[in-house]
Every structure is written in structure tokens, then in C-alpha cells.
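At position 286 of the sequence shown (counting the first as 1) the number is 286 in our numbering, and the numbers step up by one without a gap. Ideal Cβ positions, reconstructed from N, Cα and C, are used throughout, including at glycine.
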Amino acid sequence: MGSMTSQRARPKGSKSVAGLVVPPMERVRVAFIGVGARGSGHVSQLCNIDGVDIIAICDDHLPTLQRSVDNVVKHGRPTPLAFGKDKDDYKRMLERKDIDVVFIATPWEEHVRMAVDTMNSGKHVCCEVPIAYTLEDCWKLVDTAERTQRNCMMMENVCYGREELLVLNMVRKGVFGDLIHGEGAYIHDLRSQMFEIEHGTGSWRTYHYVKRNGNLYPTHGLGPIAQYMDINRGDAFDYMVSIGSMPLSREIYAQAKFPEGHERRSLKFKCGDMNTSVIKTKKGRTIMVQWDEQLPRPYSRLNFLQGTKGAWGGYPDRTGFEAHVGDGVEEWKEGGDLQPWYELHEHPLFVRMGQEAKKNGGHGGMDFLMLWRIIYCYRNGLPLDQDVYDGCAWSVVGPLSEASVANRGRSMDFPDFTRGEWKTRAPLDNMSNA
Numbered sequence: 001m002g003s004m005t006s007q008r009a010r011p012k013g014s015k016s017v018a019g020l021v022v023p024p025m026e027r028v029r030v031a032f033i034g035v036g037a038r039g040s041g042h043v044s045q046l047c048n049i050d051g052v053d054i055i056a057i058c059d060d061h062l063p064t065l066q067r068s069v070d071n072v073v074k075h076g077r078p079t080p081l082a083f084g085k086d087k088d089d090y091k092r093m094l095e096r097k098d099i100d101v102v103f104i105a106t107p108w109e110e111h112v113r114m115a116v117d118t119m120n121s122g123k124h125v126c127c128e129v130p131i132a133y134t135l136e137d138c139w140k141l142v143d144t145a146e147r148t149q150r151n152c153m154m155m156e157n158v159c160y161g162r163e164e165l166l167v168l169n170m171v172r173k174g175v176f177g178d179l180i181h182g183e184g185a186y187i188h189d190l191r192s193q194m195f196e197i198e199h200g201t202g203s204w205r206t207y208h209y210v211k212r213n214g215n216l217y218p219t220h221g222l223g224p225i226a227q228y229m230d231i232n233r234g235d236a237f238d239y240m241v242s243i244g245s246m247p248l249s250r251e252i253y254a255q256a257k258f259p260e261g262h263e264r265r266s267l268k269f270k271c272g273d274m275n276t277s278v279i280k281t282k283k284g285r286t287i288m289v290q291w292d293e294q295l296p297r298p299y300s301r302l303n304f305l306q307g308t309k310g311a312w313g314g315y316p317d318r319t320g321f322e323a324h325v326g327d328g329v330e331e332w333k334e335g336g337d338l339q340p341w342y343e344l345h346e347h348p349l350f351v352r353m354g355q356e357a358k359k360n361g362g363h364g365g366m367d368f369l370m371l372w373r374i375i376y377c378y379r380n381g382l383p384l385d386q387d388v389y390d391g392c393a394w395s396v397v398g399p400l401s402e403a404s405v406a407n408r409g410r411s412m413d414f415p416d417f418t419r420g421e422w423k424t425r426a427p428l429d430n431m432s433n434a
């Protein structure tokens, strides 16, 4: 087994943030660090949620900053304070005492320092994915959250998709029987982002493909599977192996799309076009996680779950369950045949807020539903659905996959960010207390 990970003792004076509850907030005062492709969407969504005051926005790209400030005003809200002198101007924003929660949507390499600074300033964190991409940074987030007793939630929006919520509800009802195996993925052709040179996601994300080799973006596919399996709440990731293909697609794309002499044509990509990782849990379940952001095929997150009574698969949605032990399943039910399943097992959160989520949009409504749920929890004194232990457990697949790939698929142990508390924690409450 790889020995780069271990359970660590909790520093003296710190305590667990599992199930952390803060006093109910009549209004949740929020601020933003980074309002580009993701952050600007969060601003728009939160403008449409009751009980939210948008206090301040920070972005060092001034046109981007101004667009979000103007957007808040267009929604009939007071003009938020603007911070954008440089990359560290967020620290000046954090000095304010009228902010409760800070939403971070910056390049990956900025997540940890900004989240740590935010918690140290006495504020709660909602951070984009992945929350970190090194083992030490994951521990830094856990240690800071426990010391400051502040929430540090990674905003895994896919956990709030209609299909993912449906499957979670089916799991909670026992429809699957005992869970055996899951599959999640992030398969999304993002080669066109390479045209973003000076600004935008491709201006920084492209260089991760040059420097790293593994699953660089594991949480969209893995997060829902982890929730189905009660990871950190009765089960835990134990170890994983990972292998990657050769890197070809981005070089081919660069040669075809950029002119002779262009910087993109000279990049030497390290990251394999397809990464496949397999995780074993403490209870003996298995999870396959795949990643591919550069090959030409339709989008997929797989979202496959197998239990002793049957299975659900995504892309396209389909299901197969046996009525009695031994009956077997000859073919999938899909399309219109799934309607009875939705009528019977629609998640209570989607029943309550699904139409509002669809109206407000954001990846089919999952973004709005996630943000609405965050605000609801803060206003009602409830623990958040995802905590720092979840964000780090799901994100650490990135560096563990890199270590495994670099060592011919060697098995790598998972760290226990809960410090043993996964054994006694109750399962997620199904998010049905809304």
C-alpha cells in the first residue's frame, strides 16, 4: 500500500465540525471571491433567493467585477462593495464584520489560501470544486475548520441534480437493497477552453494538463456516489488504484486549431486523456471513477449504482430491478418507462423546490437548488449537507490518483479526515428537512 496518507491526531484545542450547527441567521450576509464563469452564476442565483444580503464582491479582473456588481443592482438590490485592486484585495474584504459566508470561485490554486484566510477571519466558506488538489492542503482545510469552528463546504452541485436526488431517495427507502458498486465520471470535452489565453478558465486550467497526470476533477461523478454509500457517515474510502492513458488529444487539437508558432502548439501535455480509478471502501464496496476532458464524445457523469436488488444508470437514465430474488433483469427500463419511478421516488427537496430550480436554471437547476439549500440551512440552524470532511475526501482522489499513476497503478491508502468519526456518524438526513 502507498504510505503517503495516514490518520492524524486532532491538534489540541480543536474539535470536530461534523454536524456543525451555527445559530439561525435571519438574513445571510454573503460575499464573493471570484465572479468569472462560475462565481457570476452564483451571484445571479443568490439574487433570486430570499433572506440573502449581497454585501461585497471581489475579483481582480475589473470588467468581470463590474459586471457582477451591475447584475446585483439590476436585480433591485443595493450596490455591493467592490474589491479588485489586486489578487490579495480579498483580504481587505475579509476584515469586514458584516459578512457571514464567503463564496469562493477562483482558479484551483487559489482555493485553499482563500478558504483558510476566510475561516481565520471568522467567516464560513463555500468553495468551488475541487476544494484542494494536494494532500497537505486537504489537511490544512480540515485543521483550520476544526480550530475556527467554521463551515468549509465544497459546493458539489451535482449532488443536487434531479436524478442524483432521486437515486439518493431510492437508496434511503431501501430500493437497491445492499449497495455493492458505483460508477461516477466527469467526461466533458473542454478542448475549446484552450482558446482562453489571457483570461478565463482555459488561461489557468490548461497548465494543469501540462504539469499533472491523474484524475484532475473527480468530485462531480464521485460526490453523489459517496452520498449514496454514506461515505464519512458509516463507511469510508479505504484505498484506490489509478491508471491513465497516453496524452494525445490536446496536442492533436493544438496542432489543428492554432497557427504555427503559437504557444499552445508547443505545450507538452503530461495528463493522460483518460484516467480510470477504482476505490475500495471500508465496508467492501467498489467505486469506479473516470475522468476525460479532451476526447470527442458526449458528456457523461455515469451515475451508476448497483445494489443487491437492482441498478440505476445514467446517460441515458435507465433502471433494472428484479421483483423477487432470482428473477434476474433482462433489459433496462428507460425513457417513458421511468415516469413511475419519478412519481414514486421523487426527492422531497425536488418536490418542494424543483419548479423554482428549473425556472432559475444553472445546470438544469442543480446550482440554484444547492444555493437555496445552503441558505435554508443557515437560516434555520441546520448542519450543511456537505462538510469539510466530504470536500477533502472527494477531492483527495486527485493527488492519490497522481501518486498511483506515477507508480504503475500502485494502491494508495486514503487519509481519514474524520479521525475515526466516520464509524459512528449518522447517515445524511436525506436533505428532507426543508
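| Query | Result |
| --- | --- |
| Quick check on Phe414: does DSSP put it in helix, strand or coil? | coil |
| Does DSSP classify Met153 as helix, strand or coil? | strand |
| Between Gly184 and chain D, is the shortest Cβ-Cβ distance under 7 Å, so that the two count as touching? | In summary, chain D is missing from the structure at hand, where a single protein chain is found. |
| Could you tell me the alpha carbon to alpha carbon distance between Val210 and Gly202, rounded to whole angstroms? | 12 Å |
| Where does Ser242 sit, in a helix, a strand or coil, going by DSSP? | strand |
| Please work out which residues of its chain come closer than 6 Å, Cβ to Cβ, to Val278, disregarding the five sequence neighbours upstream and downstream, and give them in chain order. | Val241, Met288 |
| Report yes if the C-beta distance between Gly310 and Gly320 is below 7 Å; otherwise report no. | yes |
| Pop quiz: Ala31 and Val102 are said to be a contact at Cβ under 8 Å. What is the actual Cβ separation, rounded to whole angstroms? | 5 Å |
| Let me check understanding here. Comparing Cα to Cα, which of Lys282, Arg297, Leu338, Met431 lies closest to Arg352? | Met431 |
| Let me know the beta strand (DSSP E) ranges lying completely inside the region 216 to 275, each 3 residues or longer, listed in chain order. | 237 to 244 |
| For Val28, collect the residues of the same chain with a Cβ closer than 8 Å to its Cβ; drop the 5 residues on either side in sequence, then sort them by chain order. | Gly51, Val52, Asp53, Asp100, Val101, Ile375, Tyr378, Arg379 |
| Quick check on the DSSP output: the alpha helix (DSSP H) that includes Asp390 runs from which residue to which? | 388 to 395 |
| Where are the beta strand (DSSP E) runs, 3 residues long or more, that stay fully inside the region 134 to 218, in chain order? | 152 to 154, 179 to 187 |
| Over what stretch of residues does the beta strand (DSSP E) that includes Leu302 continue unbroken? | Neither: Leu302 is in no beta strand (DSSP E) and is coded neither H nor E. |
| Between which residues of its own chain and Glu251 is the CB-CB distance below 7 Å, once the five residues before and five after are set aside? | Phe269 |
| So the candidates are Tyr389, Arg425, Val397, Pro399; which of them puts its Cα closest to the Cα of Asp416? | Tyr389 |
| Is it buried or exposed for Asn441, if we count other Cβ within 10 angstroms and need 16 for buried? | Absent from the model: residue 441. The displayed extent of the chain is 1 to 434, so no value can be given. |
| How big is the Cα-Cα spacing for Glu196 and His324? | 54 Å |
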